[in-house]
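Novice: The structure under discussion is supplied below as structure tokens; questions concerning it will follow.
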Amino acid sequence: MAQVAAPRSQGLGPGFWPVTIVMTVVNIILGIYIATFDINKYLPEAAAPAGDIDLLFKFMAAIGNAIFLYVTVYVVYFAIVWRRRPSDAPDAIGIQIHDAPTLELWWTIIPSVLVIIIAIFSVKIWMNLQNASGDVLTMEAIGHQFKFEFRYPNLKSSVYDEMHVPVDTPVTVQVTSSDVIHSFWVPEVRLKYDMVPGLVQSVRFTPNRIGKYRVICTEFCGTNHANMFATMYIDSPQDFNRWIAAQAKLQASSGGAVALQGGTAAAGQTLFANKCSSCHSVGPFEQKIVGPGLGKLLSDTTHPNLVTGEKPNAVDISHVLIKGYQGPDDSQGKNGPSLGAMPNRDANGLSNSDIANLVAYLTSLSQSK
Amino acid sequence: MAIAVPHPPGGHIDTHSDHIHPAPRTFIGKYIFSLDAKVIGVQYMIAGLLFFCISGLLAEVVRIQLMRPEGGFVSNDTYNGVYTLHASGMIWMTIIPLVTGGFGNYVMPLMIGARDVAFPWLNLVSFWIFPPAGLMLFGSFLIGAPDAGWTEYPPVSVQGPPGTSLWCAAIFLIGISSTMTGLNFMVTIMKMRAPGMTFTRMPLFVWAQLATALLNMVATVALSAALAALFMERQFGVPFYDPGRGGSPILWQHMFWFYSHPAVYIMILPAFGFISEILPTFARKPIFGYKMIAFSSIAIALLGFTVWAHHMFTSGMAPWMQLPFMILTMIIAVPTGLKVFGWTATLWGGKIEYHPAMLFALGFIVVFTLGGVTGIFLSSVPVDLHWHGTYAVVAHIHYVLFGGSIFGVFAAVYYWWPKITGRMMSNKLGVLHFWLTFVSFNATFLPMHWLGLMGMPRRVAQYSDTTPLLINQFTIVNQFISISSFVLAASTLVLLYNMAHSLIAGKKAPPNPWNARTLEWQISSPPPYYNFKKIPAVLKNPYEFGEPLPYLGLDPSDKDDHHPSPTDHPTPAHA
């Protein structure tokens, strides 16, 4: 018959308490080290929620590290102290205990309490994220394969792969996508939200550190996913305003201004038949081919705006003709889904005078009916 | 001496030896289309090992590509296909088939004292769906491999290369196979346990298989539905996921994760089972807190159904939905912790033998605990907003799937190899394999946490542009990871050599080389065709070292050291 239990006097085995005490001291020291660790030095905290999120991260790291080290050290220590020795009989067996209800109760209660504390802390930071101020600057970021498009309230056209935000100003970036799912991640802001087609999510943060950062797509979006990124500049308010002004000037001058006065409706009608009629009817909005009917562009009370959300005046109609249209961005569904996309002037081969003639024709359609 | 044997719950199993089917006599009946769960288990293991090697080589292609920040070893499209098939192959063609179909089929019926699973023909069909599905999956390279990662989020997977449809079909098939195996195991464990084997006398591996079977049965159908929808959208233009035509890309994510989160437990629970068998055997101690470990498997399986949306914190769910998923996910840490602490306490006061299986089990506890701890980080919404979709997630899944499931499989290979093949493996090579694997595994995956947190997204063929300021550190760390991963791959060669050497020149294995106490060790190695000539009665759980074996009525001829072929032991039907 094999030998059974070790004598009671053996207690917890050689070195159990020293190992436990040393481990506890090490864990306390490491906990303090983690708590005081300056993440900012390695990955800057460039916006308001980053500090909060790092605090939660450090708290969890201190707890997680302690649990990991306790388990690892006990496994290694037990494996060494309680190893089978050459002097042991071949049928030697270990101490035949099956459980220890008090111990098991404790190692259910302690992790449960830790989980509750982590959960409460997480919920608190989560509430801060939900209630974060934004909206002083509200801008849009739209994911495309494989570039980021940014729209600013004061700029007529979009800016690609470069965004600027003013420091110390609550910003809301409304993110969505025109094709597949992308993701909007700025590591220094610690926030990441997917850009989902047909869905708008708000990313709210308050930049607090001037600098140049990367916006990275973290959701696989196709062949060149690895090359999809943008640069985010956190500027001083002066620099930001200067940049906006420069962009506005650049956009006004690019491609030459379209002189809308000189267009003739008759020439526009011929052009429309050649270039537009395969996708657009001259009936009311609902008479869609690919895009909506354009016969009541200026007089349609159910669709007071253009699909871009702009007013149906000559200037904004010309903008659509110049820029083309990227697909449905009208997420409220006012114009209904499935509007298709329209190529820009280059793809359609439209000169400035062509655009002027088309605008004149479209304007005349609405007036004659 | 008369000992009262409790009647098995719900079953009428004849302890006599009436119904033994004659063994198949043809080669095809014996080794190809066999109905014997043991042969099917070995078939799963061989196919799983093959797909493991292919998927592992694909991982090395990924690592070669990332040695330079601008990539360039393969094209972007090839790279995207390579990592997609690496993950799909490892998850669906390697780990799940190995831990359920492989070891589940071989070991579970033996452990419960059954002669086979409940539905041998269903088992045969389950297996024979698997190799064609694997060939379809890897064959998709020929027509343009799927490229959107193993999660295949639409809409990008709808635009994906033609192979994506083949991927859908392959995973659909393996899903059917899993569902059938789950059903089969569930019925087997509920109805075919030997007399006297009450639930609390079942070996813990059987508990793990029971929880896994439940997950396989219930969760896999959600994946099948999602895959069918994706296939229809791709091939016939039915807009399930296209937001422009009224579909929802988020729908896929819900359906996919409703399966794929439980799938994580499908992969890890059987590994928990391996560890729970190996630790007591090599520590010569009862498992600490048997009931805690047994019931926590069921708790994890049930909780596993309620946490899927923690993969979607950045996807655009309603914010209020994030909280319950976050808290439920954190709660899973408690039953998982119970197991880890129970295993650690099992070591205390043991007579621990450093057998390769034991070393892998100890290594499992350490690396799996690290993977579990990073899981808590990912469950917390604010922290996940930073971690999601980065290399930190890649590190986490490899700690739980490689450090967890594959370490478990390695441990199980060393543990049950003599039983399955009737030959011993070299312990020295096993110890070498363990240390090579353990060190290179950590060297490969530990630095990935840092990479991800500092800004490296996952699924990128290049990283030259993502963080220009850190590019030098990123390059050095990636090269270190790549070199470690080559060592990791090479360490597998030690295992393959050990296997081959054992098969050709290994020492003959006795029936019970480790003095283990579960039923499969009480019969010859390899076991006879019929497993047990007489179904034994079970008196106690199998972890009471120092007591006599708790089995009655084992037929001594089942334990003959010379491998009895069925013809050596004419069954009563012949006699």
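Chains as they are written, first to last, in my numbering: chain A, 1 to 369; chain B, 1001 to 1575.
Note that CB positions come from ideal geometry on N, CA and C, so glycine has one too.
(1) Quick test of your reading: VAL282 of chain A and LEU271 of chain A, contact by CB under 8 Å. State the CB separation rounded to the nearest angstrom.
(2) Helix, strand or coil: which one does DSSP assign to THR1390 of chain B?
(3) Please tell me whether MET1424 of chain B and LYS1507 of chain B are closer than 7 Å, where the distance is taken between their beta carbons.
(4) Please state if the CB of THR231 of chain A and the CB of SER202 of chain A are separated by a distance shorter than 7 Å.
(5) Using the three-state DSSP reduction, which class does ALA141 of chain A fall into: helix, strand or coil?
(6) Might you give, ordered along the chain, the residues of its own chain that have their beta carbon closer than 7 Å to the beta carbon of VAL1494 of chain B, omitting 5 neighbours on each side?
(7) Span of the alpha helix (DSSP H) holding VAL1261 of chain B?
(8) Whole angstroms is fine: what's the gap from THR1620 of chain B's alpha carbon to THR1369 of chain B's?
(9) Consider the Cβ of LYS192 of chain A: report whether some Cβ of chain B lies at a distance smaller than 7 Å.
(10) Cα separation between ASN335 of chain A and VAL307 of chain A?
(11) Is the CB-CB distance between ALA1271 of chain B and GLY1404 of chain B below 7 Å?
(12) Any Cβ of chain B within less than 7 Å of the Cβ of ARG84 of chain A?
(13) When you compare the CB positions of TYR1415 of chain B and ALA1357 of chain B, do they come within less than 7 Å of one another, or not?
(14) Apply the 10 Å Cβ neighbour rule to MET1001 of chain B and answer buried if 16 or more other Cβ atoms are within range, or exposed otherwise.
(15) Are the CB atoms of SER1224 of chain B and PHE1172 of chain B within a distance shorter than 7 Å?
(16) Where are the beta strand (DSSP E) runs, 3 residues long or more, that stay fully inside the segment 1307-1378 of chain B, in chain order?
(17) May I have the straight-line CA-CA distance separating GLY1144 of chain B from PRO1162 of chain B, to the nearest angstrom?
(18) Among B:TRP1387, B:MET1232, B:VAL1340, which residue has its Cα nearest to the Cα of TRP1450 of chain B?
(19) Could you check whether the Cβ of ALA46 of chain A sits closer than 7 Å to any Cβ belonging to chain B?
(20) Could one say the Cβ of SER87 of chain A lies closer than 7 Å to chain B's Cβ atoms, at least one of them?
(21) Within its chain, find whatever has a CB closer than 7 Å to the CB of GLY256 of chain A; leave out the 5 residues flanking it on each side and keep chain order.
(22) Using a Cβ cut-off of 8 Å, which residues of the segment 213-233 of chain A contact any Cβ in chain B, in chain order?
(23) Under 9 Å between beta-carbons, which chain B residues line up against PRO237 of chain A? List them in chain order, please.
(24) Does chain B have any CB closer than 7 Å to the CB of LEU30 of chain A?
(25) Step through the CB atoms of chain A and report whether any lies within less than 7 Å of the CB of MET1330 of chain B.
(26) With H, G and I counted as helix, E and B as strand and the rest as coil, what does DSSP make of THR363 of chain A?
(27) Can you tell me whether VAL1538 of chain B is buried or exposed, with buried defined as 16 or more other CB within 10 angstroms of its CB?
(28) Between the alpha carbons of LEU1576 of chain B and GLY1553 of chain B, how many angstroms are there, rounded?
(29) For THR1306 of chain B, I'd like the list of residues in its chain whose CB is within less than 6 Å of its CB, leaving aside the five on either flank, ordered along the chain.
(30) Could you spell out the range, first to last residue, of the beta strand (DSSP E) harbouring ARG194 of chain A?
(31) Counting C-beta neighbours from all protein chains within 10 Å, is the total for LEU358 of chain A 16 or more, i.e. buried, or is it exposed?
(32) For PRO166 of chain A, which beta-bridge partners are listed by DSSP?
(33) Compare the beta carbon distance of MET342 of chain A and TYR361 of chain A with 7 Å and say whether it is the shorter of the two.
(34) Would a C-beta distance cut-off of 7 Å place SER366 of chain A and LEU297 of chain A closer than the cut-off?
(35) Suppose you measure from the CA of GLY263 of chain A to the CA of GLU1233 of chain B; what does that come to, to the nearest Å?
(36) Quick one: residues in its chain with C-beta nearer than 7 Å to the C-beta of TRP17 of chain A, no 5 flanking neighbours on either side, listed in chain order?
Specialist: According to the data block:
(1) Position 282 of the first sequence, counted from the first residue, corresponds to residue 282 of chain A. Position 271 of the first sequence, counted from the first residue, corresponds to residue 271 of chain A. With a beta-carbon spacing of about 13 Å, VAL282 of chain A and LEU271 of chain A fall beyond the 8 Å limit used to define contacts.
(2) Position 390 of the second sequence, counting from 1, holds the residue named residue 1390 of chain B. Three-state result, THR1390 of chain B: strand.
(3) Residue 1424 of chain B sits at position 424 when you count from the first residue of the second sequence. Residue 1507 of chain B sits at position 507 when you count from the first residue of the second sequence. Yes, the Cβ-Cβ distance between MET1424 of chain B and LYS1507 of chain B is below 7 Å.
(4) The residue you call residue 202 of chain A lines up with position 202 of the first sequence. The residue you call residue 231 of chain A lines up with position 231 of the first sequence. Not in contact: SER202 of chain A and THR231 of chain A (Cβ atoms no closer than 7 Å).
(5) Position 141 of the first sequence holds residue 141 of chain A. The answer is strand: DSSP assigns ALA141 of chain A an E or B state.
(6) Here the question's residue 1494 of chain B lines up with position 494 in the second sequence. Within the same chain, VAL1494 of chain B has close Cβ partners LEU1429, LEU1432, HIS1433, LEU1436.
(7) By 1-based counting over the second sequence, the position of residue 1261 of chain B is 261. Before going further, note that residue 1261 of chain B is His rather than Val in the sequence given. Unbroken alpha helix (DSSP H) run through HIS1261 of chain B: 1249-1283.
(8) Since the first residue shown for chain B is 1001 and the last is 1575, residue 1620 of chain B is missing from the structure and cannot be characterised.
(9) Mapped onto the first sequence, residue 192 of chain A falls at position 192. Yes - at least one Cβ of chain B is within 7 Å of the one on LYS192 of chain A.
(10) Position 335 of the first sequence holds residue 335 of chain A. Position 307 of the first sequence holds residue 307 of chain A. With a pLDDT of only 46 at ASN335 of chain A, under 50, the local geometry of the prediction cannot be trusted, and no value is derived from it.
(11) Here residue 1271 of chain B refers to the residue found at position 271 of the second sequence. Here residue 1404 of chain B refers to the residue found at position 404 of the second sequence. Less than 7 Å separates the beta-carbon of ALA1271 of chain B from that of GLY1404 of chain B.
(12) Here residue 84 of chain A refers to the residue found at position 84 of the first sequence. By the rule that beta-carbons nearer than 7 Å mark a contact, ARG84 of chain A touches chain B.
(13) Position 415 of the second sequence, counted from the first residue, corresponds to residue 1415 of chain B. Position 357 of the second sequence, counted from the first residue, corresponds to residue 1357 of chain B. Yes, the pair counts as a contact, with Cβ atoms nearer than the cut-off.
(14) Position 1 of the second sequence, counted from the start, is the residue given in the question as residue 1001 of chain B. Model confidence at MET1001 of chain B stands at a pLDDT of 41, short of 50, so the residue's coordinates are unreliable; what they give is reported in the following sentence. It is exposed - the Cβ of MET1001 of chain B has fewer than 16 other Cβ atoms within 10 Å.
(15) Taking the first residue of the second sequence as position 1, residue 1172 of chain B is located at position 172. Taking the first residue of the second sequence as position 1, residue 1224 of chain B is located at position 224. Less than 7 Å separates the beta-carbon of PHE1172 of chain B from that of SER1224 of chain B.
(16) Scanning the segment 1307-1378 of chain B for uninterrupted beta strand (DSSP E) segments of 3 residues or longer gives nothing; none is fully contained.
(17) Start at 1 with the first residue of the second sequence, and residue 1144 of chain B comes out as number 144. Start at 1 with the first residue of the second sequence, and residue 1162 of chain B comes out as number 162. Put simply, the backbone Cα of GLY1144 of chain B is about 6 Å away from that of PRO1162 of chain B.
(18) For this step, residue 1450 of chain B is matched to residue 450 along the second sequence. Nearest option by C-alpha distance: B:TRP1387.
(19) Mapped onto the first sequence, residue 46 of chain A falls at position 46. Answer no: the Cβ-Cβ gap between ALA46 of chain A and chain B never drops below 7 Å.
(20) Taking the first sequence and counting its residues from 1, one reaches residue 87 of chain A at position 87. Residue-level contact by beta carbon fails for SER87 of chain A and chain B, as no gap is shorter than 7 Å.
(21) Taking the first sequence and counting its residues from 1, one reaches residue 256 of chain A at position 256. Because GLY256 of chain A carries a pLDDT of 47, less than 50, the predicted location of this residue cannot be relied on, and the following value inherits that uncertainty. The answer, listed in chain order, is ASN352.
(22) Taking 8 Å as the upper bound on Cβ-Cβ separation, chain B lies near residues ARG214, ILE216, CYS217, THR218, GLU219, PHE220, CYS221, GLY222, THR223, ASN224, HIS225, ALA226, ASN227, PHE229 of the segment 213-233 of chain A.
(23) In the first sequence, the residue the question calls residue 237 of chain A occupies position 237. Under the 9 Å cutoff, chain B gives no residues; its nearest Cβ is about 25 Å from PRO237 of chain A.
(24) Working through the first sequence from its first residue, we reach residue 30 of chain A at position 30. So no, LEU30 of chain A is outside the interface.
(25) Here residue 1330 of chain B refers to the residue found at position 330 of the second sequence. Yes, its Cβ sits closer than 7 Å to a Cβ of chain A.
(26) Residue 363 of chain A sits at position 363 when you count from the first residue of the first sequence. Assigned with DSSP and collapsed to three states, THR363 of chain A falls in helix.
(27) Indexing the second sequence from 1 puts residue 1538 of chain B at position 538. By the 10 Å Cβ count, VAL1538 of chain B comes out buried.
(28) Absent from the model: residue 1576 of chain B. The displayed extent of chain B is 1001 to 1575, so no value can be given.
(29) On the second sequence, residue 1306 of chain B is found 306 positions in, with the first residue counted as 1. Only LEU1328 meet the Cβ criterion.
(30) As a position in the first sequence, residue 194 of chain A is number 194, starting the count at 1. Strictly speaking, residue 194 of chain A in this sequence is Asp, with Arg absent from that position. Residues 191-195.
(31) Within the first sequence, numbered from 1, the residue matching residue 358 of chain A stands at position 358. LEU358 of chain A counts as buried, since at least 16 other C-beta atoms from the protein chains shown sit within 10 angstroms of its C-beta.
(32) Here residue 166 of chain A is taken as the residue at index 166 of the first sequence, counted from 1. DSSP lists A:ASP235 as partners of PRO166 of chain A.
(33) Here residue 342 of chain A corresponds to residue number 342 of the first sequence, with the count starting at 1. Here residue 361 of chain A corresponds to residue number 361 of the first sequence, with the count starting at 1. Not a contact, by the Cβ cut-off of 7 Å.
(34) Along the first sequence, one-based indexing puts residue 366 of chain A at 366. Along the first sequence, one-based indexing puts residue 297 of chain A at 297. Using a Cβ distance threshold of 7 Å, SER366 of chain A and LEU297 of chain A count as a contacting pair.
(35) Counting from one through the first sequence, the residue named residue 263 of chain A turns up at place 263. Counting from one through the second sequence, the residue named residue 1233 of chain B turns up at place 233. Cα-Cα distance, rounded: 46 Å.
(36) Residue mapping note: residue 17 of chain A aligns to position 17 of the first sequence, counting from 1. So the list is empty, once near-sequence residues are dropped.
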